[in-house]
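A.B. asks: I am attaching a structure below and will ask some questions about it afterwards.
Number of protein chains: 2
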Amino acid sequence: MDAQPGRSVTSKVLALLDAFTPATPALTLTELARRAGLPLPTAHRRAAELVAWGALERGDDGRYRIGLRLWEVGSLAPRGLGLRELALPIMEDLYEVTHENVQLAVRQGLELVFIERIAGRHAVPVLTRVGGRFALHATGVGLVLLAYAPAEVQEQVLAAPLERYTELTITDPRRLRRCLAEVRRVGYAVSDRQVTMDALSVAAPIRGSDGVVAAISLVVAHDRADPLALAPLVQAAGRVLSRALGTSYRRSPGRVPSPTRSETQ
Amino acid sequence: MDAQPGRSVTSKVLALLDAFTPATPALTLTELARRAGLPLPTAHRRAAELVAWGALERGDDGRYRIGLRLWEVGSLAPRGLGLRELALPIMEDLYEVTHENVQLAVRQGLELVFIERIAGRHAVPVLTRVGGRFALHATGVGLVLLAYAPAEVQEQVLAAPLERYTELTITDPRRLRRCLAEVRRVGYAVSDRQVTMDALSVAAPIRGSDGVVAAISLVVAHDRADPLALAPLVQAAGRVLSRALGTSYRRSPGRVPSPTRSETQ
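Protein sequence lines, in the order shown, are assigned to chains A and B.
Going by the UniProt record's numbering, 41 is the number at position 41 of the first sequence; the sequence numbering is gapless.
Going by the UniProt record's numbering, 92 is the number at position 92 of the second sequence; the sequence numbering is gapless.
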């Protein structure tokens, strides 16, 4: 029986997509039905439609996975690949001069989503997953995105329990509020061993036509980090990217334009 | 009135997503309804559900765009970001030693989809869009993917008209058939000014447990290209990546595993 018989078909289809997470990227039909809260026959019928369209793919092992067609459509999200395409050359510049990890993130509700990262081969290990989520109150990019978020977003984050990742994670709402004010004052954020005890990140805002739309950061080994030296580099990258976004805004009414379709080799 | 009243709700929801293309990433409700073949009220109701979930976003300009949540779910596609995460370090190596354009593509039906590219700053311009599609018979990666595709795929491509991009594009099915046999014999493909008159690409296959799953290429300026010197480089990258995929196959039943979720900074 359908756990929620009043649900719309659209919500059932979307529940099937929600069943897939980074921890569960491949699901049997039984797992899929259970996670989506659908009876097995309903899940089977809807999943078959999604497979036919390409939103799901079914492997030789019988498991369902997210299909390439959904990735293709998802790549049209202006805040995803559109932003990433604009940012990548600037991220590459930052990587060339530092050989450290470079990250790009946007806020999605009360969390952040990593849009891109360049992992330094000999830099401190950061195992960020592009498309992965994280809390706002601990990382450099998160502190920037939170510092410039609408007041109601800040209040919601400050009102909820703040997860502790290390002994240096800020979990006191009053301290976090002061930290955010400082981020706005200096124009960058430093997360010093607030996520892992070996790493420090320095992040700066990227501004669009309606405020801060993304954040860029360098993540370096804590013991060789000089935040005061890194901050101008990251801020400069943020400014170049803000200007690139501004130019795009004048060309297009979109929040972040997609690159134009063009010839290829 | 619904143009096709017998359509399932799932197909209507998917038709709304299909309406968005690289050329039309932002749509008004009227455009969306027309492209999806749905009556305005139906399109409005379904679009509202998609916005609530995050599959679509509606801007200040009233237009709909693909939402970040869909990009997030799409990022779980094993043949998309999963493959890309495995390939990126190897693509970066290839870029470091050549400073030329590096591309990664998979076959989707009778076309290819670009999964990743590193654009050389001073290399010949290639304006590939990640997530973008292209024909199989012209590019280096396309020739590789076609050469190793199932026979029925080859026959379908050979039976259809072959679009001419330059005077050197192979549009004769018999010549293309001979070219594909040569690709299989030598283990790499060269596309010499077959897409644009200034560029040459050299591509090699990436093998998974069930044959060739992707292709990697270097795209260089035609006038300074030495395909015989580039081929071993690209082939070596393809082999390293095939081995990386093989290792992953033993760990996971998936076609291409997603990277594990892990801590981040």
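Each residue gets a CB set at the ideal place from its N, CA and C atoms; glycine is no exception.
Computed from a predicted model, the values in this text were never measured in an experiment.
1. Do residue 118 (chain B) and residue 104 (chain B) come within 7 angstroms of each other at the CB atom, strictly closer than that value?
2. Among the residues of its own chain, which have a CB less than 6 angstroms from the CB of residue 87 (chain A), if the five just before and after it don't count?
3. Determine whether the beta carbon atoms of residue 40 (chain B) and residue 63 (chain B) lie at a separation below 7 angstroms.
4. So does residue 175 (chain B) have its beta carbon nearer than 6 angstroms to some heavy atom of the ligand ZN?
5. Once the 5 residues before and after residue 213 (chain A) are set aside, which same chain residues still bring their CB inside 8 angstroms of it?
6. Relative to the alpha-carbon of residue 198 (chain B), which residue among B:180, B:168, B:204 and B:217 has its alpha-carbon at the smallest distance?
7. Which same chain residues, not among the five before or five after residue 146 (chain A), have their C-beta less than 7 angstroms away from its C-beta?
8. Residue 91 (chain A): which of A:81, A:31 and A:102 sits nearest, CA to CA?
9. Does residue 120 (chain A) come within less than 7 angstroms of chain B when only Cβ atoms are used?
10. Which residue comes first and which comes last in the beta strand (DSSP E) that contains residue 313 (chain B)?
11. Tell me whether residue 228 (chain A) is buried or exposed, calling it buried when 16 or more other Cβ atoms sit within 10 Å of its Cβ.
12. Can you tell me whether residue 30 (chain B) is helix, strand or coil according to DSSP?
13. Mind checking the stretch 66-84 of chain B against chain A and listing, in chain order, the residues whose C-beta falls within less than 9 angstroms of any C-beta there?
14. On the premise that residue 94 (chain A) lies in contact with residue 233 (chain A), defined as a C-beta separation below 8 angstroms, what is that separation, rounded to the nearest angstrom?
15. Short of 6 angstroms in beta carbon distance, which residues of its chain neighbour residue 20 (chain B), apart from the five on each side in sequence? Order them along the chain.
16. Excluding sequence positions up to five away, which residues of its chain have a Cβ less than 8 angstroms from the Cβ of residue 184 (chain B)?
17. Which ranges does the beta strand (DSSP E) cover as unbroken runs of at least 3 residues, wholly within the stretch 181-253 of chain A, from first to last along the chain?
18. So which of A:182, A:151 and A:123 has the shortest CA-CA distance to residue 222 (chain A)?
19. Between A:178, A:35 and A:170, which has its C-alpha nearest residue 191 (chain A)'s C-alpha?
20. Residue 12 (chain B): buried (16+ other C-beta within 10 angstroms of its C-beta) or exposed?
21. Skipping 5 residues on each side, what residues in its chain have a beta carbon closer than 8 angstroms to that of residue 164 (chain A)?
22. Could you give the first and the last residue of the continuous alpha helix (DSSP H) run that contains residue 152 (chain A)?
23. Classify residue 194 (chain B): buried if its beta carbon has 16 or more other beta carbons within 10 angstroms, exposed otherwise.
24. Locate the beta strand (DSSP E) running through residue 65 (chain A), then write down its first and last residues.
25. The stretch 7-24 of chain A: which residues have C-beta closer than 7 angstroms to a C-beta of chain B, in chain order?
26. Are the Cβ atoms of residue 238 (chain A) and residue 204 (chain A) separated by less than 7 angstroms?
27. With distances taken from CA atoms, which of A:161, A:76 and A:68 is nearest residue 76 (chain B)?
28. Reducing DSSP to helix, strand and coil, say where residue 263 (chain B) ends up.
29. Thinking C-alpha only, which one of B:210, B:187 and B:47 is nearest residue 60 (chain A)?
30. Identify the contact partners of residue 346 (chain A) in chain B, using a Cβ-Cβ distance below 7 angstroms as the criterion.
31. Taking buried to mean at least 16 other C-beta atoms within 10 Å of its own C-beta, is residue 8 (chain B) buried or exposed?
32. Please report how far the alpha carbon of residue 99 (chain B) lies from the alpha carbon of residue 38 (chain A), in whole angstroms.
33. Under 7 angstroms between the Cβ atoms of residue 43 (chain B) and residue 33 (chain B)?
34. Would residue 36 (chain A) and residue 15 (chain A) be called neighbours here (beta carbons separated by less than 7 angstroms)?
35. Around the C-beta of residue 130 (chain A), are 16 or more other C-beta atoms found within 10 angstroms, so that it is buried, or is it exposed?
36. In chain order, what residues of the same chain lie with their CB nearer than 8 angstroms to the CB of residue 166 (chain B), ignoring the 5 residues before and after it?
C.D. replies: Quick answer:
1. The answer is no: Cβ separation not under 7 angstroms.
2. Spatial neighbours of residue 87 (chain A) in its own chain (CB-CB distance under 6 angstroms, excluding positions within 5 residues in sequence) are listed in chain order as 104 and 241.
3. In this structure, residue 40 (chain B) keeps its C-beta atom at 7 angstroms or more from the C-beta atom of residue 63 (chain B).
4. With respect to the ligand ZN, the structure shown offers nothing to examine, as it has no ligands at all.
5. Taking residue 213 (chain A) as the centre and dropping the five residues before and after it, the same chain places the C-beta of 79, 83, 106, 206, 207, 245, 255 and 256 closer than 8 angstroms to its C-beta, in chain order.
6. It is B:168 whose Cα lies nearest to the Cα of residue 198 (chain B).
7. Only 136, 137, 154, 157 and 180 meet the Cβ criterion.
8. In terms of CA proximity to residue 91 (chain A), A:102 leads the group A:81, A:31 and A:102.
9. Taking CB atoms only, residue 120 (chain A) has no neighbour in chain B less than 7 angstroms away.
10. As displayed, chain B neither begins before 1 nor continues past 265, which places residue 313 (chain B) out of reach and without an answer.
11. Looking at its Cβ environment, which holds fewer than 16 other Cβ atoms inside 10 Å, residue 228 (chain A) is exposed.
12. Reduced to three states, the DSSP call for residue 30 (chain B) is helix.
13. Those would be 66, 67, 68, 69, 70, 71, 72, 73, 74, 75, 76, 77, 78, 79, 80, 81, 82 and 84, in chain order.
14. Correct: roughly 7 angstroms between the Cβ atoms.
15. Shown here for residue 20 (chain B): same chain residues with a beta carbon closer than 6 angstroms to its own, the five before and five after excluded, namely 66 in chain order.
16. Within the same chain, residue 184 (chain B) has close Cβ partners 147 and 148.
17. You should have 189-192, 199-208 and 211-221.
18. When each option's Cα is compared against that of residue 222 (chain A), the closest is A:123.
19. Minimum Cα distance to residue 191 (chain A) is reached at A:170.
20. The residue is buried, with at least 16 neighbouring Cβ atoms inside 10 Å.
21. Hits under 8 angstroms: 171.
22. Residue 152 (chain A) -> alpha helix (DSSP H) spans 151-159.
23. When all chains shown are included, residue 194 (chain B) counts as buried.
24. For residue 65 (chain A), the enclosing beta strand (DSSP E) starts and ends at 64-66.
25. From the stretch 7-24 of chain A, only 8, 9, 10, 11, 13, 14, 17, 20, 22 and 23 have a Cβ closer than 7 angstroms to chain B.
26. Taking 7 angstroms as the cut-off, the Cβ atoms of residue 238 (chain A) and residue 204 (chain A) count as close.
27. The alpha carbon of residue 76 (chain B) has as its nearest neighbour, out of A:161, A:76 and A:68, the alpha carbon of A:68.
28. For residue 263 (chain B), the pLDDT reaches just 38, beneath the cut-off of 50, and the residue's location in the model is therefore unreliable, although a value from the coordinates is still provided. DSSP places residue 263 (chain B) in the coil class of the three-state scheme, outside both helix and strand.
29. Here the closest residue by C-alpha is B:210.
30. Because chain A spans 1 through 265 in this model, residue 346 (chain A) falls outside it and cannot be assessed.
31. By the C-beta density criterion, residue 8 (chain B) is exposed, having fewer than 16 other C-beta atoms within 10 angstroms.
32. For residue 99 (chain B) and residue 38 (chain A), the distance between alpha carbons rounds to 51 angstroms.
33. The answer is yes: Cβ separation under 7 angstroms.
34. With a cutoff of 7 angstroms on beta-carbon distance, residue 36 (chain A) and residue 15 (chain A) are scored as near each other.
35. Classification of residue 130 (chain A): buried, given that the 10 Å Cβ count is 16 or more.
36. Cβ contact annotation for residue 166 (chain B) (same chain, cutoff 8 angstroms, sequence separation greater than five): 193, 194, 195, 196 and 197, in chain order.
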